[in-house]
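Going by numbering that gives the first Met the number 0, the letters in the sequence shown line up with residues 0 to 407, in that order. Idealized CB from N, CA, C, for every residue including glycine. Taking it in order: structure first as structure tokens, then the write-up.
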Amino acid sequence: MTGVEFATVPAESFDSADTATSTARGALRWARLADEVVVWSESADPVRRFAGAESLSGHAAGLSLVTQVGKSFQYAHPDVPVLVDHGRHLVVDGGDVPAPTAAERGCWRVEALAADAVVVDRPRAGARETDPTMGDLLGLLSRSSYEGHLARITGPHTRHSTSGGFLAAAESVSADLKSFGYTVSEQSVSVGAGVSRNIVADLAGSNRGSVVVTAHLDSINHEDGVAAPAPGADDNASGAAGVLELGRVLATRSWHHDLRLILFGGEEQGLFGSTEHVAGLSAGERDRIVAVINMDMVGRRNTSDPGVLIEGAPLSRALIDDLVAAAATWTRLVVSTSLSPFASDHVPFIDADIPAVLTIEDNDTANRDVHSARDLVSTLDPALAMEILRMNLAALAGRLDGIPREVG
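Laid out in structure tokens, this is it:
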């Protein structure tokens, strides 16, 4: 019989393996998904010796890693056995997993499960010493202000990228950003046969670097069609409202680096806005960017503890570390991290060798209301969003190298 024998064990048990089991561990391959570790071998004996016979999960033709948006893979292929379900990341029986079609490539991907690798980590960072004015800056974040942004952004019937509702939302956020003191411009974005736009807001600093904060403004209803209601409260008014609220607070200080806020169009159709924006940057403009933080779905609490996933790439490690430390210092968030970027507006920056991360609610696949008329503000937990904003603001302030004085 070909294939592999596999088991799942708690990460704590895997890390603290005693001498008797460490020999068996040496004969195993493993992959960590937060609090679980998948162990496997071509024969059952080392798996049994390490995990215990009662823990042996079974036999698979092979092991594949799926990264998905929502539950897109599971909806498309309910017949494929899921061996480990960590929401955005799945380990599935890889014996006969179909490749995504062209239309599905932005929804999910499949690859061989890498051996001896961390797919999702659960970092154990301690609090850092910080600028004594940081608490004052964080205190400027306002839940009522954030909820006001949410209400205005979700007002249109839909924010489909080429719709009048999207243009109305774009004009609304543009007016807000101008009122905060930003210089605002628009970028036209081609989306199929239609046109959308990016809203770009700049706040000049006193140095040569640039820090970028992004979210997509558009929404979509996959269940009922383009013309159907698409309030897109979690996906992604929650992130767009977060950009506005962070922008409002950050505009009250002077910073060494320039600050750029971007609200993208065309994300739901395939990252059109962010891809065109990055493609339009000169080599010098790319080199100036020291950090990009993208927010996509930060408002729905899907776990008992408030959780966030920070997703980047190896070149984003330092930025991820800053965010993990900010969460430990200033929030109650349970943090997971991943170096496997996929399907949001941080990806075009990473592809251009720019350090970027996605911050997204943990276990986002539990939200079955995205891309439907049910993605309403009433389903959100603003307290979770505010915790994620606190983390992001603290990390951004450190990256911007703030001068702790008020403007004006």
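Alpha carbon to alpha carbon, what distance is there between residue j and residue i?
{"i": "Pro403", "j": "Ser253", "result": "Here Pro403 scores only 45 on pLDDT, less than 50, and its place in the model should not be relied on; the value that follows carries that caveat. The alpha-carbon atoms of Pro403 and Ser253 are separated by roughly 7 angstroms."}
{"i": "Leu89", "j": "Val68", "result": "11 angstroms"}
{"i": "Thr129", "j": "Leu136", "result": "12 angstroms"}
{"i": "Arg108", "j": "Trp39", "result": "22 angstroms"}
{"i": "Gln268", "j": "Val190", "result": "7 angstroms"}
{"i": "Ala396", "j": "Ser315", "result": "17 angstroms"}
{"i": "Ala19", "j": "Arg300", "result": "Annotation note: pLDDT 47 at Ala19 (below 50); position unreliable, coordinate value reported separately. Distance between the alpha carbons of Ala19 and Arg300: 41 angstroms."}
{"i": "Ala50", "j": "Val8", "result": "7 angstroms"}
{"i": "Gly94", "j": "His58", "result": "11 angstroms"}
{"i": "Arg87", "j": "Ser12", "result": "24 angstroms"}
{"i": "Gly279", "j": "Glu41", "result": "49 angstroms"}
{"i": "His215", "j": "Leu388", "result": "16 angstroms"}
{"i": "Val172", "j": "Gln186", "result": "14 angstroms"}
{"i": "Gly272", "j": "Tyr74", "result": "27 angstroms"}
{"i": "Leu82", "j": "Leu375", "result": "32 angstroms"}
{"i": "Glu466", "j": "Val37", "result": "Any property of residue 466 remains undetermined from this structure, which presents the chain solely from 0 to 407."}
{"i": "Pro381", "j": "Arg142", "result": "7 angstroms"}
{"i": "Ile309", "j": "His156", "result": "31 angstroms"}
{"i": "Ala192", "j": "Ala326", "result": "42 angstroms"}
Let me know if residue i comes out buried or exposed under the rule of 16 or more other beta-carbons within 10 Å of its beta-carbon.
{"i": "Asp78", "result": "exposed"}
{"i": "Pro97", "result": "exposed"}
{"i": "Asn235", "result": "buried"}
{"i": "Val406", "result": "In this predicted model, Val406 has a pLDDT of only 45, less than 50, meaning its place in the structure is not dependable enough to derive any value."}
{"i": "Pro354", "result": "buried"}
{"i": "Thr274", "result": "buried"}
{"i": "Thr358", "result": "buried"}
{"i": "Gly238", "result": "buried"}
{"i": "Gly283", "result": "exposed"}
{"i": "Ser160", "result": "buried"}
{"i": "Ile204", "result": "Checking the displayed sequence, the identity of residue 204 turns out to be Gly instead of Ile. Classification of Gly204: buried, given that the 10 Å Cβ count is 16 or more."}
For a quick check, are the C-beta atoms of residue i and residue j less than 8 angstroms apart?
{"i": "Tyr145", "j": "Gly246", "result": "no"}
{"i": "Arg259", "j": "Ser184", "result": "no"}
{"i": "Gly311", "j": "Leu332", "result": "no"}
{"i": "Ser63", "j": "Ala102", "result": "no"}
{"i": "Ala126", "j": "Leu202", "result": "no"}
{"i": "Asn220", "j": "His370", "result": "yes"}
{"i": "Ala113", "j": "Ala10", "result": "no"}
{"i": "Gly264", "j": "Ser162", "result": "no"}
{"i": "Thr153", "j": "Ala226", "result": "no"}
{"i": "Gly164", "j": "Ala384", "result": "no"}
{"i": "Ala351", "j": "Gly105", "result": "no"}
{"i": "Ser337", "j": "Val119", "result": "yes"}
{"i": "Asp217", "j": "Ala372", "result": "no"}
{"i": "Ala409", "j": "Ser339", "result": "Coverage of the chain is limited to positions 0 through 407, which leaves residue 409 absent and any answer about it impossible."}
{"i": "Arg28", "j": "Asp115", "result": "yes"}
{"i": "Val323", "j": "Pro80", "result": "no"}
Please tell me whether, using a cut-off of 7 angstroms, the distance from the CB of residue i to the nearest non-hydrogen atom of the ligand NAP is below it.
{"i": "Ala327", "result": "This structure simply doesn't include the ligand NAP, nor any ligand for that matter."}
Counting pairs of beta carbons, one from the region 356-376 and one from the region 283-298, are three or more of them closer than 8 angstroms?
The region 356-376 vs the region 283-298: in contact.
Three-pair Cβ contact test at 8 angstroms for the region 32-46 versus the region 0-7:
Yes: the two stretches touch, three or more of their Cβ pairs being nearer than 8 angstroms.
Kindly provide the ranges of any beta strand (DSSP E) runs that are 3 or more residues long and lie completely inside the region 125-186, ordered along the chain.
Here no run is fully enclosed.
Alpha helix (DSSP H) runs contained entirely in the region 326-395, provided each spans 4 or more residues
Qualifying alpha helix (DSSP H) stretches, in chain order: 346-350.
Mind pulling the alpha helix (DSSP H) runs of 4 or more residues that sit fully within the region 34-117?
Counting only runs of 4+ residues, the alpha helix (DSSP H) found wholly inside the region 34-117 occupies 43-50 and 71-75, in chain order.
I'd like the ranges of any alpha helix (DSSP H) spanning at least 4 consecutive residues and lying wholly in the region 203-279.
The region 203-279 is shown to contain whole alpha helix (DSSP H) runs of 4 or more residues at 237-249 and 271-278, in chain order.
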